[in-house]
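**Q** Got a structure for you, written out below as C-alpha cells; questions coming shortly.
See below:
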C-alpha cells in the first residue's frame, strides 16, 4: 500500500499555520470533514488540543507545507504571513502547483504583493479573509470573502465550506477579498461612532442613553454594532472586547485603501477622528464602545478647568 | 340613562385628526380595543373606511375635539398640527384637563412651543412620535416615543398600547419624544450614506456591489437601512419609497437640534452633504438609496467632459 501514490482517492493534506483562538477551531472543523491537517503554531501549547482534534503536529512551518496541496494561514497579521511564506520557507516547501490560502486580515495592497510573489514561485493563491469571530469559527459559521480565479475557487471551495457557511467569491484578483474585509470595517466603525453621536446628542437633551439604545436596537436606526456594543456604550467602565485603537488602525486601513483607489470616504474619515480623539485622551486601550467619550468631551462643561 | 354622567365606566372618547395611510390604521386599532373614536380628516374620502372600522365621523376639527378626553393628531407636519390645535380651535373645544397627543413627526423646538401653548390653555400635552410605517400602524406594532410627566403617561398608556407594541417613556419634557425621533433619523441617514460609501469604494476596486450588499447584510457591517435599501441601491432606477430630499430635510432637523443643544454631530453633517450632492444633481426626488450616486459622481471619469 503506497499512500502517496493515490492522490485522487486519498484525502487532501492541508498545512495549517496559526492555531490560535480562531485557527484551532477552523482546523478542527477541517479534520472533522475528513481533511488531513498538518498544523503548526509558534506556541507549542497549541499542540495537545490540535492533536486531540485529529490533527498531525508539524515540527516547523516548512514541515507543515511539505507534501501539502494547500497551505492555510490564520496568523495574526500581514507581517507574520510574510514571515511564514517567505522567510521561513513555506512556499518553497510546498509542492509545485499547491495553493496558499491567506485567511488572516491584511491590507489589500500587501495581499496583492504577496500574491504576486507566490505566483512567481508557481503556486496558486487565494485571498480569503473571514469575519464572524471565535463563535463563527467554532460553529463553522464564518463569513469568508474569497478572491481568486474561478478554477482555483472551485478547488478550494470544499475547504472553505468546512469552515464557513457564508462563502462568497468576491472577485478574481487577490486583494479584493482583503478589501471587502476592509470595507466591512468601514461600516462597523462608522456605525459605532454614529451610535456614540446619537447617544451623546440625546444625553445633552436629558434623555437616558439606556432608553435610546433600547429603542434604536429595535427600530429602523438599528445596526449590528449598536446592538452588540450598545450596552457597553452606556456602561461606565465596560470590559474590553476590542480596543479603541483597533478602530483607529482599521479605519486607517480604510483611508489608505481609499487613497490608493482614489475613492473618497468622508464618513470613515470623520469616524476615525472620533476614535482618535479618545485615543488622544490616553484611552486607546479601552473598549471601542467608548468612542462616545469623544462626543461627551466635545460638549463637557469647560467651567471646571478654567483658572 | 345619562351617558356623560358616568365617565368612570364609559369608554373614553378620543378625537382623532388625520386619517391617512397610517392614521386610519391607528384609529381602527383604537376602535377595536373599545375606545370611542371621533375622527376627522380634510379628505372626506377617508370617512367611509373610518366608519366601517367602527369610528364616528366628525364634521370638523372642533367637532372631533368637543367632549373628547383625548385629542390625537396624526397629521403630516408641524404646520398642520398648529393649524388644527390653534387656528381651527381644537384646543379651545376640548374639555378642561383633556389631553393632546401629538404623534406626527415634528421638530423638537416647535413641539416645545406647542406644548407651552396647550398648557397655557389648561390642557395636558404628550409628545409621542412613532416609527414603524404603515406596516407597523396596521399591525399595532408601532414604536412610540412618548415624553410627558409620569401621571400623564399612565393616563395615555392604554391608548398608546392599542397602537404600538414598543411604547417608551423617553422623558418628562415635551420635545424629548420629537428629539428621539430626530436622532432615529440621524442614525438612518448616516447608515444609508455609509452603505453608499462602502459600495462605491468596493466598486472602484471592481467588486460587484450586489455581492457587497449580500455580504454586509449578513455580517457585523449590517444595518437595518442597508438591509432595507441595499437591493434598491444597486438597482439602476429603483421605485421611490422615500426621496433623497426627505433625508436632506431630516438631517437638517438633526443639525438644527445639535445647534440648539450645542452638541456637534459631525457624521450627520457629512451624511447630509452626500444627500445634498444628489439633490444638487437635480435628483432630489429619486429614491434615497441613490445617495450612492454622490460617491460615484466624486470619482467618475472626468475625461469625457473635458474640452
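Chains as they are written, first to last, in our numbering: chain A, 1 to 307; chain B, 308 to 614. A virtual CB, placed ideally from N, CA and C, is assigned to each residue, including glycine.
So, with DSSP's three-state summary, where would you put residue 12 (chain A)?
**A** coil
**Q** May I ask you to report which of helix, strand or coil DSSP gives residue 478 (chain B)?
**A** strand
**Q** Within 8 Å of any Cβ in chain B, is that where the Cβ of residue 239 (chain A) sits?
**A** no
**Q** Between which two residues does the beta strand (DSSP E) containing residue 520 (chain B) stretch?
**A** Unbroken run through residue 520 (chain B) is the alpha helix (DSSP H), 516 to 523; no beta strand (DSSP E).
**Q** Could you check the C-alpha separation between residue 370 (chain B) and residue 426 (chain B) for me, to the nearest Å?
**A** Here the alpha carbons of residue 426 (chain B) and residue 370 (chain B) stand approximately 21 Å from one another.
**Q** Taking only beta-carbon atoms, is residue 262 (chain A) less than 8 Å away from chain B?
**A** For residue 262 (chain A), the answer is yes, since a Cβ of chain B falls inside 8 Å of its Cβ.
**Q** Quick one: grab the DSSP three-state call for residue 530 (chain B).
**A** strand
**Q** Can you find a C-beta in chain B that's less than 8 Å from the C-beta of residue 206 (chain A)?
**A** Contacts with chain B at 8 Å (Cβ-Cβ) include residue 206 (chain A).
**Q** In the region 31 to 107 of chain A, which residue ranges form an unbroken alpha helix (DSSP H) of at least 4 residues, counting only runs that do not cross its ends?
**A** 46 to 52, 61 to 65, 78 to 82 and 90 to 93
**Q** Where residue 180 (chain A) and residue 504 (chain B) are concerned, what is the direct C-alpha to C-alpha distance, given to the nearest angstrom?
**A** 13 Å
**Q** If you follow the alpha helix (DSSP H) that residue 489 (chain B) is in, where does it begin and where does it stop?
**A** 483 to 511
**Q** If we ignore side chains and look at the alpha-carbon of each, how far apart do residue 5 (chain A) and residue 11 (chain A) end up?
**A** Only weak support exists for where residue 5 (chain A) lies, its pLDDT of 38 falling under 50; the coordinates are left without a value.
**Q** Return no unless some Cβ of chain A is closer than 8 Å to the Cβ of residue 516 (chain B).
**A** Proximity of residue 516 (chain B) to chain A, defined by a Cβ-Cβ separation below 8 Å, is not satisfied.
**Q** Which residues in chain B sit within 7 Å of residue 166 (chain A), going by Cβ to Cβ distance?
**A** 525
**Q** Could you run through the region 329 to 361 of chain B and flag, in chain order, every residue whose CB is less than 8 Å away from some CB of chain A?
**A** Listed by position along the chain: nothing, the set is empty.
**Q** Output needed in chain order: residues of the region 571 to 603 of chain B with a Cβ under 9 Å from some Cβ in chain A.
**A** 571, 572, 573, 574, 575, 576, 577, 578, 580, 581 and 602
**Q** Just to confirm my understanding: we take residue 606 (chain B), look at its own chain, exclude 5 residues before and 5 after, and list those with CB closer than 8 Å. What are they?
**A** Take residue 606 (chain B), set aside five residues on each side of it, and the residues of its chain with a beta-carbon closer than 8 Å to its own are 507 and 511, in chain order.
**Q** So who's on the other strand from residue 166 (chain A), going by DSSP bridges?
**A** According to DSSP, residue 166 (chain A) bridges with A:143.
**Q** Report yes or no: is there a C-beta of chain B within less than 8 Å of the C-beta of residue 114 (chain A)?
**A** no
**Q** Measure the C-alpha to C-alpha separation of residue 133 (chain A) and residue 70 (chain A) and round it to an integer number of angstroms.
**A** 23 Å
**Q** Check whether the Cβ atoms of residue 560 (chain B) and residue 489 (chain B) sit closer than 8 Å, and answer yes or no.
**A** yes
**Q** Write down every uninterrupted run of the alpha helix (DSSP H) in the region 223 to 285 of chain A whose length is 4 residues or greater and which is fully enclosed by it, in chain order.
**A** 224 to 233, 244 to 261 and 266 to 278
**Q** Give the secondary structure of residue 131 (chain A) by DSSP, where H, G and I count as helix, E and B as strand, and everything else as coil.
**A** Residue 131 (chain A): strand per DSSP, three-state reduction.
**Q** What does the alpha-carbon distance come out to for the pair residue 537 (chain B) and residue 367 (chain B)?
**A** 43 Å
**Q** Determine which residues of the region 91 to 110 of chain A have a Cβ less than 8 Å from any Cβ of chain B, and write them out in chain order.
**A** Taking 8 Å as the Cβ-Cβ cut-off against chain B, the residues of the region 91 to 110 of chain A that qualify are 108.
**Q** Going by other Cβ atoms of all chains shown within 10 Å of its Cβ, with 16 needed for buried, is residue 406 (chain B) buried or exposed?
**A** The Cβ neighbour count for residue 406 (chain B), taken over all protein chains shown within 10 Å, is at least 16; the residue is labelled buried.
**Q** Which value, in whole angstroms, describes the spacing of the CA atoms of residue 219 (chain A) and residue 87 (chain A)?
**A** Taking the straight line from one Cα to the other gives about 51 Å.
**Q** What are the residues in the region 171 to 185 of chain A lying within 9 Å of chain B by C-beta distance?
**A** 171, 172, 173, 175, 176, 179, 180, 182, 183, 184 and 185
**Q** Give a yes or no on whether the minimum CB-CB distance between residue 565 (chain B) and chain A is below 8 Å.
**A** yes
**Q** Helix, strand or coil: which one does DSSP assign to residue 457 (chain B)?
**A** helix
**Q** What number of angstroms, rounded off, separates the C-alpha of residue 290 (chain A) from the C-alpha of residue 244 (chain A)?
**A** 7 Å
**Q** Could you tell me whether any Cβ in chain A is nearer than 8 Å to the Cβ of residue 504 (chain B)?
**A** yes
**Q** In chain A, which residues lie less than 8 Å from residue 507 (chain B) when you measure between Cβ atoms?
**A** What residue 507 (chain B) touches in chain A: 263.
**Q** Judging by CA-CA distance, which residue of B:603, B:589, B:581 and B:546 is the nearest neighbour of residue 261 (chain A)?
**A** B:603
**Q** Once DSSP output is grouped into helix, strand and coil, what is the label at residue 608 (chain B)?
**A** DSSP places residue 608 (chain B) in the coil class of the three-state scheme, outside both helix and strand.
**Q** So which residues on chain E does residue 560 (chain B) lean against when the C-beta distance must stay under 8 Å?
**A** You won't find chain E in this structure, because its protein chains are A and B.
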